[in-house]
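Asker:
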């Protein structure tokens with residue numbers, strides 16, 4: 003849905019991992035002092051995605067992202083997760 007709305011060729015398999023704080027296929031990433039993703043860079047089909055994590059919720063174990071920003075050139079998507087339901 004995000005891809006259709008924005009026209010951005012979002013790598014969906016990677017996005018599924020990024021949303022839950024995993025690097026997916028990205029090999030260029032950095033961790034914070036609690037070993038959670040802080041940011042990553044991922045290139046697919048000549049397009050580089052820069053993903054930054056603005057925070058994590060402490061309501062779940064393990065902690066899950068509360069703010070994720072995806073940048074692809076001049077385009078940006080911000081995701082804010084208010085709560086998580088872990089099953």
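Residue numbers (this note's numbering): 3 to 89.
From the three backbone atoms N, C-alpha and C, an ideal C-beta is built for every residue, glycine too.
#1: Buried or exposed: which applies to residue 64, given that a residue is buried once 16 or more other Cβ atoms fall within 10 Å of its Cβ?
#2: Measuring alpha carbon to alpha carbon, tell me which of 53, 42, 47, 66 ends up nearest residue 88.
#3: Among 77, 78, 62, 24, which one has its Cα closest to the Cα of residue 37?
#4: Let me make sure I understand the geometry here. Which of 32, 62, 35, 74 has the alpha-carbon closest to that of residue 52?
#5: Have a look at 29, 44, 86 and flag the residue whose alpha-carbon is nearest the alpha-carbon of residue 61.
#6: Once the 5 residues before and after residue 28 are set aside, which same chain residues still bring their CB inside 6 Å of it?
Answerer: Walking through what the data contain:
#1: exposed
#2: 66
#3: 24
#4: With distances taken between Cα atoms, residue 52 lies closest to 74.
#5: Comparing Cα positions, the closest option is 86.
#6: 42, 44
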